[in-house]
Structure formats: structure tokens, C-alpha cells
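These notes concern the structure reproduced below.
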Amino acid sequence: MEEFIQCLSAFVGCFGFTFIFRIHKNMKFAFVGSLVGTLGWIIYLATRFLHNIFLQSFIAMLCVALLAEMMARIYKAPATIFIIVGCFPLVPGSGIYYTMLYAVQGMNDLFMESFLSTLGIGISLALAILISSTTLQVYKRIKNKDYATVE
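Residue numbers in the sequence shown follow the UniProt record's numbering, run continuously in steps of one, and reach 151 at the last position.
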């Protein structure tokens, strides 16, 4: 039941986030982006057995980015719309908060631990987006036989 509430909260959070970026003007994009974010959170929860938050974040974000790229092709819209909304549940907001709290309070050991963890998650998310985007661009070039020729 707790997982269901988390997934419902992920959907509501993603949908609310669409209002900030004015994606709600096209409700189809807002709904699909929120579903992509919810699926990302489901994948994040499903990979808990790995006991590695960096790998969990990477796998979940990779799926979100690939789904976002697919939705962008289907709906003929920029993938950024779906990626930004879809990554919302995976962003380490509490890690950023506690990192700054520990820095302000002068708790250097906790600050470094929190900082490195938050940085690692951020790098995992960015790397997943980079890999999915690059892979699809390479696939598109191979499919269209648009090779760069060296003369």
C-alpha cells in the first residue's frame, strides 16, 4: 500500500510540476509526462533489491529518458518536456536540502557525506539522459544512413 501511495504521489507531483513550466496548456503532454515520471518511480522502487541508490537512480532515469524520447516521437514534441517532468520524482531534493543544512550548521562530516551522495545521484541522472539521447541519435543516423565520411 505504501508503494501505491508513493506512485500516486509521484504522479500528482509530476502533474503539479507541469503548471510551473506551463505544460498544462497541452493536457495530453502534462498527463503523459506525469505517467513517465510515475513509471520512473515504479522502476526506482522495483530496483531496491540492488541496495545501490546510484544504480537505482541511473536505471530509473535511463527508462524515463528512453520513454520520454519515445513519447517525443509519438507526439511530435520536444523530448525535454517529458524528461523534465519525468525526472521530478528522482531528483534528490532532500539530499540538496540536507547538504545545505549541514554546510550552514558547520557539520563538516555530514556535509561531505550528503554532498557526495547527492552529487553521485545527480551524475547518475545526467549520465542516464546523456546515454539515452546519444544512443537514439546514433540509431537515427544509422537508420537514415547519414554517416560522417572521412576523406
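Glycine included, each C-beta is placed from N, C-alpha and C at the ideal position.
* Below 8 Å on the Cβ atoms is my guess for Phe88 versus Gly37; work out the distance and round it to an integer in Å. => Confirmed, Cβ separation roughly 5 Å.
* Is Tyr132 buried or exposed, if buried means 16 or more other CB atoms sit within 10 Å of its CB? -> Correcting the residue identity first, residue 132 is Ser in this sequence and not Tyr. Flag for Ser132 reads buried.
* Measuring alpha carbon to alpha carbon, tell me which of Asn26, Leu45 and Leu66 ends up nearest Cys7. => With distances taken between CA atoms, Cys7 lies nearest to Leu45 out of Asn26, Leu45 and Leu66.
* To do: Put Asn144 into one of helix, strand or coil per three-state DSSP.
  => In this structure, Asn144 counts as coil in the three-state DSSP scheme.
* With a CB to CB cut of under 7 Å and the five nearest residues on each side skipped, what residues in its chain are close to Leu50? -> Closer than 7 Å at the Cβ level, and outside the excluded window around Leu50, lie Gln56.
* With DSSP collapsed to three states, give me the class of Cys63. => Three-state result, Cys63: helix.
* Out of Lys140, Ser114, Leu39 and Phe115, which has the shortest C-alpha to C-alpha gap to Cys63? -> Of Lys140, Ser114, Leu39 and Phe115, the residue nearest in Cα terms is Leu39.
* Which word fits Glu69, buried or exposed, when buried means at least 16 other C-beta atoms lie within 10 angstroms of its C-beta? -> When all chains shown are included, Glu69 counts as buried.
* For Val85, the nearest candidate out of Leu35, Ala77 and Ile43 (CA to CA) -> When the alpha-carbon of Val85 is set against those of Leu35, Ala77 and Ile43, the nearest one is in Leu35.
* On a CA-only basis, which of Met61, Val32, Phe58 and Leu110 is nearest Lys76? Give me that one, please. => The residue with the shortest Cα to Cα distance from Lys76 is Val32.
* To do: To the nearest angstrom, report how far apart Ile83 and Met61 are at their CA atoms.
  => Whole-angstrom Cα-Cα distance: 9 Å.
* **Where Met71 falls, given that 16 or more other Cβ within 10 Å makes a residue buried** => Answer is buried; the Cβ neighbour count reaches 16.
* Asked: Among Ala128, Thr99 and Thr18, which residue has its Cα nearest to the Cα of Met112?
  -> When Ala128, Thr99 and Thr18 are compared, the shortest CA-CA separation from Met112 is found for Thr99.
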